[in-house]
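Undergrad: First to last, the protein sequences are chains A and B.
When you read off a place in the first sequence, starting at 1, and then add 115, the result is the number in the working numbering.
When you read off a place in the second sequence, starting at 1, and then add 3, the result is the number in the working numbering.
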Amino acid sequence: MNWRFVGRMAWRETRGSRKRLVLLTGAIAAGVAALVAVNSFAANLRDSVNRQAQALLGADLSISSRQPFTPRVQALIDSLVTPDTARGVPAGQRASVTNFAGMAYTPRTSGVRLVEVAAVEPGYPFYGTIETDPVGAWDQLDTGGGVIVDPSLLNALGARLGDTLALGQSRFTILATVTSQPGAVAAAAAFSPRIYIAERDLSATGLLQFGSRVEYEVFLKLAEPGNATQISKEYRPILRPERARIRSVEENRSDLTEALTQMSNYLGLVALIALLLGGMGVASAVHVFINQKLDTIAILRCLGSEARQLFVVYLLQALALGALGAVIGATLGAGLQRVLPLVLSDILPVDVQVHLDPQAVLLGIGLGIWVASVFALMPLLAIRRVSPLMTLRREVEPVRAARDLAWIASAGALVVSVGALAVLQAGRLLDGVGFTVGIGIVVFVLWLASVGLIRGVRKWFPTSWPYVWRQGLANLYRPGNQTVTVVLSLGFGAFLLSTLFLVQHNLLRDFRVGITGMRPNLAFLDVQPDQRSGVISALREEGLDSILTVPMVPMRITSVKGEPVVLGPPPEETDSLDADSAAVQPGWALRREYRSTYRDQLVGSEVLVSGSWWSGPRIDSTAPVNVSLEEEIARDIGVEIGDEIVWNVQGVQVTSRVANIREVDWARFEPNFFAVFQGGALEDAPQFLVTLVRVDDPQARGALQRHMAERYPNVTSIDLGSLQQLLESILARVSLAVRFMAGFSLATGAVVLVGAIATTRFQRVREAVLLKTLGATRRQVLRIFLAEYLSLGTLSAGMAVLLSTIAGWALARFVFETSYALPLGALGILLGLIVTLTVAIGLANSLDVLRRTPLEALRND
Amino acid sequence: MLRCEGLSQTYVSGGRPLTVLKDITFTLDDGGFLAIVGPSGSGKTTLLGLLAGLDRPATGHVWLDAADITAMDEDERARIRAAKIGFVFQSFQLIPTLTAIENVQVPLELRGEPSEQRAKELLERVGLGDRLDHYPAQLSGGEQQRVALARAFSIRPKILFADEPTGNLDAKTGGTIIELMLELNRTEGTTLVLVTHDHDIARLARQTLRLSDGRIVGEQAVAS
Numbered sequence: 116m117n118w119r120f121v122g123r124m125a126w127r128e129t130r131g132s133r134k135r136l137v138l139l140t141g142a143i144a145a146g147v148a149a150l151v152a153v154n155s156f157a158a159n160l161r162d163s164v165n166r167q168a169q170a171l172l173g174a175d176l177s178i179s180s181r182q183p184f185t186p187r188v189q190a191l192i193d194s195l196v197t198p199d200t201a202r203g204v205p206a207g208q209r210a211s212v213t214n215f216a217g218m219a220y221t222p223r224t225s226g227v228r229l230v231e232v233a234a235v236e237p238g239y240p241f242y243g244t245i246e247t248d249p250v251g252a253w254d255q256l257d258t259g260g261g262v263i264v265d266p267s268l269l270n271a272l273g274a275r276l277g278d279t280l281a282l283g284q285s286r287f288t289i290l291a292t293v294t295s296q297p298g299a300v301a302a303a304a305a306f307s308p309r310i311y312i313a314e315r316d317l318s319a320t321g322l323l324q325f326g327s328r329v330e331y332e333v334f335l336k337l338a339e340p341g342n343a344t345q346i347s348k349e350y351r352p353i354l355r356p357e358r359a360r361i362r363s364v365e366e367n368r369s370d371l372t373e374a375l376t377q378m379s380n381y382l383g384l385v386a387l388i389a390l391l392l393g394g395m396g397v398a399s400a401v402h403v404f405i406n407q408k409l410d411t412i413a414i415l416r417c418l419g420s421e422a423r424q425l426f427v428v429y430l431l432q433a434l435a436l437g438a439l440g441a442v443i444g445a446t447l448g449a450g451l452q453r454v455l456p457l458v459l460s461d462i463l464p465v466d467v468q469v470h471l472d473p474q475a476v477l478l479g480i481g482l483g484i485w486v487a488s489v490f491a492l493m494p495l496l497a498i499r500r501v502s503p504l505m506t507l508r509r510e511v512e513p514v515r516a517a518r519d520l521a522w523i524a525s526a527g528a529l530v531v532s533v534g535a536l537a538v539l540q541a542g543r544l545l546d547g548v549g550f551t552v553g554i555g556i557v558v559f560v561l562w563l564a565s566v567g568l569i570r571g572v573r574k575w576f577p578t579s580w581p582y583v584w585r586q587g588l589a590n591l592y593r594p595g596n597q598t599v600t601v602v603l604s605l606g607f608g609a610f611l612l613s614t615l616f617l618v619q620h621n622l623l624r625d626f627r628v629g630i631t632g633m634r635p636n637l638a639f640l641d642v643q644p645d646q647r648s649g650v651i652s653a654l655r656e657e658g659l660d661s662i663l664t665v666p667m668v669p670m671r672i673t674s675v676k677g678e679p680v681v682l683g684p685p686p687e688e689t690d691s692l693d694a695d696s697a698a699v700q701p702g703w704a705l706r707r708e709y710r711s712t713y714r715d716q717l718v719g720s721e722v723l724v725s726g727s728w729w730s731g732p733r734i735d736s737t738a739p740v741n742v743s744l745e746e747e748i749a750r751d752i753g754v755e756i757g758d759e760i761v762w763n764v765q766g767v768q769v770t771s772r773v774a775n776i777r778e779v780d781w782a783r784f785e786p787n788f789f790a791v792f793q794g795g796a797l798e799d800a801p802q803f804l805v806t807l808v809r810v811d812d813p814q815a816r817g818a819l820q821r822h823m824a825e826r827y828p829n830v831t832s833i834d835l836g837s838l839q840q841l842l843e844s845i846l847a848r849v850s851l852a853v854r855f856m857a858g859f860s861l862a863t864g865a866v867v868l869v870g871a872i873a874t875t876r877f878q879r880v881r882e883a884v885l886l887k888t889l890g891a892t893r894r895q896v897l898r899i900f901l902a903e904y905l906s907l908g909t910l911s912a913g914m915a916v917l918l919s920t921i922a923g924w925a926l927a928r929f930v931f932e933t934s935y936a937l938p939l940g941a942l943g944i945l946l947g948l949i950v951t952l953t954v955a956i957g958l959a960n961s962l963d964v965l966r967r968t969p970l971e972a973l974r975n976d
Numbered sequence: 004m005l006r007c008e009g010l011s012q013t014y015v016s017g018g019r020p021l022t023v024l025k026d027i028t029f030t031l032d033d034g035g036f037l038a039i040v041g042p043s044g045s046g047k048t049t050l051l052g053l054l055a056g057l058d059r060p061a062t063g064h065v066w067l068d069a070a071d072i073t074a075m076d077e078d079e080r081a082r083i084r085a086a087k088i089g090f091v092f093q094s095f096q097l098i099p100t101l102t103a104i105e106n107v108q109v110p111l112e113l114r115g116e117p118s119e120q121r122a123k124e125l126l127e128r129v130g131l132g133d134r135l136d137h138y139p140a141q142l143s144g145g146e147q148q149r150v151a152l153a154r155a156f157s158i159r160p161k162i163l164f165a166d167e168p169t170g171n172l173d174a175k176t177g178g179t180i181i182e183l184m185l186e187l188n189r190t191e192g193t194t195l196v197l198v199t200h201d202h203d204i205a206r207l208a209r210q211t212l213r214l215s216d217g218r219i220v221g222e223q224a225v226a227s
């Protein structure tokens with residue numbers, strides 16, 4: 116191969132097409148920018164978690180439980196901090212932290228707020244520091260009587276440092292605010308701000324009552340910190356039956372890293388879509404370019420260059436432009452990655468230190484070049500089919516690559532590359548394969564649609580339509596048409612956009628549906644049975660008559676179908692630390708604590724799936740009580756209708772019979788239950804109540820919360836209105852990040868669209884000029900274009916939106932597990948926008964054709 | 004130099020085979036000058052394409068400089084073209100993105116030979132010494148054809164194929180082009196094969212093939 120010639124030709128051949136080749140560069144740049152931004156950000160996140168790992172846990176080990184530690188757990192904890200004099204190992208240290216929810220109230224301002232209380236023993240945290248304003252207040256906490264609060268609480272209460280804060284039966288002085296605390300998620304503080312009191316002040320608050328959700332945690336600083344993970348692994352099977360869980364720094368770090376990696380992987384897939392769209396842009400730009408270069412290629416063939424040589428000339432060109440695009444994209448991405456932490460900082464548990472990750476940059480550039488070349492290969496194969504004979508007689512048909520071995524190899528390389536990239540970016544084989552198959556299906560359906568359009572228009576040609584329409588539609592199937600290319604690239608971009616929109620719409624809709632209408636929007640939790648009548652009459656005094664009171668009875672399962680539930684470690688011990696997640700721990704459904712209710716009617720959020728509802732309270736107190744189970748929990752426990760479950764209700768064994776199975780809409784803000792008992796069995800069991808009311812005016816809601824906090828300090832209240840706002844704002848943050856990444860796809864899509872339309876434009880300049888020569892007015896020519904782009908745009912966008920409704924449904928059903936509804940109006944607007952965009956870009960690209968006089972064109976020919 | 008035997012060509016048009024050349028046989032000596040004449044559609048251009056190895060015949064053989072180019076594959080024929088053949092076309096066929104001098108350089112560059120000096124000399128010889136860096140669009144038709152001639156002669160081809168080289172030019176400019184070709188034919192000994200409509204030009208040739216309907220209907224040779 117004569118490389119000197121190849122290099123020179125590759126450079127010279129960009130002349131006169133540079134504007135169009137910028138499209139190619141731009142298509143790759145946007146995708147690479149998105150990838151580099153996401154991947155570098157992900158690397159930053161991992162680094163930050165690794166650096167802050169010890170401080171994130173605050174100790175070497177933590178042991179926690181939802182109930183007070185059993186003597187066995189206490190003994191284990193003691194043994195971990197006991198000095199081993201035989202081996203000369205000194206004593207370790209321990210500090211306990213008790214977490215629970217409470218209502219904070221400042222008498223001076225009458226402000227009231229649900230807070231997350233942490234009662235801490237001196238010494239915590241052993242690693243990292245909780246920084247306060249004023250500085251040094253953390254150490255004063257131990258003296259008692261003081262409280263350190265999240266800054267957001269001061270705003271919420273209208274309070275300031277030095278104010279008195281009431282919590283349960285106690286009064287505290289607000290000492291300081293927390294300015295920095297490892298592991299805290301800012302968004303969580305917006306829902307229930309965290310406050311710190313001293314452990315010694317805990318019992319005086321009187322808040323640890325029956326039914327309170329309390330988490331007891333003890334933090335350990337070991338004399339030999341290196342043993343932490345080993346100890347954690349050894350102790351876990353012993354602690355599990357005691358309902359306690361254990362975490363080491365390393366396990367905490369790897370869990371966190373895994374969760375964050377998954378988040379960045381999904382963002383990365385969105386970025387990958389931008390890059391793949393860019394690849395399609397490259398393919399269509401190269402396709403146009405080669406078709407314009409047919410003459411040149413034929414001349415060069417005539418002058419004796421080999422097909423292989425010319426193939427390399429244009430491949431080199433695509434590579435160089437891809438590389439240029441990748442470098443530009445990486446530079447852009449390096450800047451953009453600074454934006455991601457800003458968008459996501461409130462939902463991240465670590466402070467992300469932004470620095471450029473060289474690996475992400477190199478990977479981005481590499482992927483950019485790779486995608487550019489793999490997508491350029493197939494259109495470039497057409498070069499091999501250009502005959503030198505074309506110098507003598509110009510063929511009308513554009514050259515297409517033969518489906519030979521090289522074609523199959525290129526197609527294979529393309530598919531394998533897309534799959535490999537998806538697996539790499541998704542981080543999981545199955546996700547990557549699913550992603551690739553999904554893309555494959557969409558591309559295939561779009562291809563079918565475009566081929567169908569070409570055949571359909573040809574077969575059922577509307578011969579009675581006006582001339583310009585007939586001419587425009589005929590353009591869809593005439594020789595050298597670009598219907599397939601345009602429909603594929605335009606349709607794919609539109610599909611992505613529409614799917615993202617649908618998913619976001621449905622996620623948000625779930626929250627909205629839950630809160631509108633006449634449903635309760637204020638919940639009072641932890642109402643004790645002896646407070647019931649007082650609470651109800653207090654609410655009546657406020658003029659509220661529709662008061663819903665739901666009893667809750669904590670219980671655990673003793674036996675199922677006569678088989679006792681054994682609390683030993685499960686046969687296959689996993690490394691997972693999340694004791695609350697059913698997905699990772701089979702048997703969780705058997706071991707967990709249930710908060711069940713009893714009533715004799717179904718409620719609005721429930722649908723009976725099988726069995727029948729009981730007609731009234733149980734009469735025969737010796738018969739098993741009827742119970743209704745939620746369908747998934749019934750499956751997890753492994754019971755069917757008629758099976759027997761024995762429950763341990765605070766020490767009393769209650770035998771039940773599964774009467775029916777319910778489906779529950781958990782998305783609604785209502786007290787929903789896994790198990791609902793028939794009346795007449797649990798009325799005397801230890802229980803607490805949840806009381807729900809609806810107060811439309813937000814200020815009245817606040818006043819009611821204050822009023823109740825003063826009278827019933829142990830009762831916590833949740834304003835569902837503000838909870839909904841919070842959820843929406845968190846979702847908005849996440850979707851902003853997704854949209855931010857999808858924006859790159861949109862930008863690339865626009866570039867691809869311009870390229871695709873340019874494809875058709877160059878082939879019809881001659882035709883339009885000829886029409887004008889024959890006497891067509893500019894208006895007529897314009898309308899011919901309009902007819903063509905309108906039909907192309909409508910088909911592409913229509914198919915895209917249709918496919919996206921299916922994809923959106925699948926995502927809602929299987930990934931997000933939410934209900935699904937189609938916002939027809941909004942989809943219609945989206946459809947209209949895409950069609951308008953297509954027509955606008957199409958016509959804008961054709962203006963040049965209109966401006967040219969016939970003579971000018973003839974001269975150039 | 005050039006010999007063909009039983010050359011036929013068939014194209015498929017509208018689903019039906021269409022025979023455009025039938026049983027062409029002739030020989031052309033080294034340094035000869037052959038004119039192929041005939042009405043439109045008589046198969047002149049198809050014959051030229053086959054002789055130059057731009058296409059493969061349905062049947063028959065072409066020997067160029069004793070090598071059977073019909074037995075070669077596309078890339079082998081390309082190497083033959085790069086080594087021995089020059090082309091001039093009716094529509095000039097310059098590469099629009101290259102300057103005049105770069106267009107002339109291409110065949111030399113393909114062979115990996117130094118090209119700039121020779122290209123310059125050739126362009127000066129065809130009277131375009133002051134137009135080296137002009138792009139084809141900036142040149143008149145006659146000038147473009149002179150660049151094409153310079154390009155054709157850059158590799159000192161053994162044989163030059165010309166497809167109606169004066170077809171797009173006025174009589175005076177066309178005359179200059181033909182004179183240049185003849186001069187190169189004389190000084191470099193290049194064999195010329197020329198397709199033309201123009202009887203005046205055909206009369207200059209030492210050998211003439213008259214085609215009609217894809218067959219040779221007249222052949223004449225002028226003793227040199």
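Think of the CB as a built atom: it goes at the ideal place given N, C-alpha and C, for glycine as much as any other residue.
1) If I'm right that A:Asn621 touches A:Gly923 with Cβ under 8 Å, what's the distance once you round it to whole angstroms?
2) So does B:Leu142 have its beta carbon nearer than 7 Å to some heavy atom of the ligand HEM?
3) Is the segment 286-300 of chain A touching the segment 327-344 of chain A, taking contact as three or more C-beta pairs under 8 Å?
4) Just the chain A side, please: which residues come within less than 7 Å of B:Asp58 by C-beta, in chain order?
5) Verify the CB distance criterion: does A:Ser579 have a CB-CB separation below 8 Å to chain B?
6) Write down the C-beta distance between B:Gly132 and B:Gly63 rounded to the nearest angstrom, noting that I regard them as a contact closer than 8 Å.
7) Does the Cβ of A:Trp118 have 16 or more other Cβ atoms within 10 Å, making it buried, or fewer, making it exposed?
8) Using the beta-carbon count (16 or more within 10 Å), is A:Asn270 buried or exposed?
9) Anyone know if the C-beta pair for A:Arg821 and A:Val227 falls short of 8 Å?
10) DSSP three-state label for A:Asn763, please.
11) List the residues of chain A that B:Phe92 touches, going by C-beta distances under 9 Å, in chain order.
12) Using only the alpha-carbon positions, how far apart do A:Cys417 and B:Leu67 sit?
13) Applying the criterion that 16 or more other CB atoms from any shown protein chain within 10 Å of the CB defines a buried residue, is A:Asn636 buried or exposed?
14) By alpha-carbon positions, which one of A:Thr831, A:Tyr709, A:Ala790 and A:Arg777 ends up nearest to A:Ser720?
15) Hey, how far is the Cα of A:Pro666 from the Cα of A:Ala216?
16) Cα separation between A:Val764 and A:Ser934?
17) Closer than 8 Å, Cβ to Cβ, to anything on chain A: give me those residues from the segment 74-102 of chain B, in chain order.
18) How many angstroms separate the CA atom of A:Phe607 from the CA atom of A:Asn342?
19) Apart from the five residues just before and just after A:Phe610, which ones in its own chain have a Cβ nearer than 6 Å to its Cβ?
20) Among B:Arg189, B:Phe36, B:Gln12 and B:Ala165, which residue has its Cα nearest to the Cα of B:Arg59?
21) Based on Cα-Cα distance, which residue from A:Leu640, A:Leu841, A:Gly131 and A:Tyr220 lies nearest to A:Gly273?
22) Closer than 7 Å by beta-carbon distance: list the chain B residues that pair up with A:Asn117, in chain order.
23) Could you tell me which residues DSSP puts in a beta bridge with A:Phe215?
24) Going along chain B in order, which residues have a C-beta closer than 7 Å to the C-beta of A:Gly122?
TA: Per the coordinate set shown:
1) That pair is a contact at about 7 Å.
2) Of ligands this structure carries none, so the ligand HEM is not represented either.
3) Because the criterion of three Cβ pairs below 8 Å is not met, the segment 286-300 of chain A and the segment 327-344 of chain A do not touch.
4) Under the 7 Å cutoff, chain A gives Ser502 and Leu504.
5) It does not: the Cβ of A:Ser579 has no partner Cβ on chain B nearer than 8 Å.
6) About 44 Å separates the Cβ atoms of B:Gly132 and B:Gly63, ruling out a contact at the 8 Å cut-off.
7) Classified as exposed, A:Trp118 has fewer than 16 neighbouring CB atoms from the shown chains inside 10 Å of its CB.
8) That one is exposed.
9) A:Val227 is positioned such that its CB atom lies closer than 8 Å to that of A:Arg821.
10) The answer is strand: DSSP assigns A:Asn763 an E or B state.
11) Chain A residues near B:Phe92: Ile414, Cys417, Thr506 and Leu507.
12) As the crow flies, the alpha-carbon of A:Cys417 is around 16 Å from that of B:Leu67.
13) A:Asn636 should be labelled buried.
14) Looking at A:Thr831, A:Tyr709, A:Ala790 and A:Arg777, the one whose alpha-carbon comes closest to that of A:Ser720 is A:Arg777.
15) Answer to the nearest angstrom: the Cα atoms are 19 Å apart.
16) One alpha carbon belongs to A:Val764, the other to A:Ser934, and they sit about 34 Å apart.
17) Considering only beta carbons, the part of the segment 74-102 of chain B lying closer than 8 Å to chain A consists of Glu77, Asp78, Ala81, Arg82, Ile83, Arg84, Ala85, Ala86, Ile88, Phe90, Phe92, Gln96, Leu97, Ile98, Pro99, Thr100 and Leu101, in chain order.
18) Taking the straight line from one Cα to the other gives about 53 Å.
19) Taking A:Phe610 as the centre and dropping the five residues before and after it, the same chain places the C-beta of Val557, Ala915, Leu918 and Ser919 closer than 6 Å to its C-beta, in chain order.
20) The shortest Cα separation from B:Arg59 among B:Arg189, B:Phe36, B:Gln12 and B:Ala165 belongs to B:Gln12.
21) Looking at the Cα atoms, A:Tyr220 is the closest of the given residues.
22) Within chain B, Leu113 and Gly115 have C-beta atoms less than 7 Å from the C-beta of A:Asn117, given in sequence order.
23) In DSSP, A:Phe215 forms a bridge with A:Val232 and A:Val329.
24) Neighbours of A:Gly122 on chain B: none; closest Cβ ~10 Å, over 7 Å.
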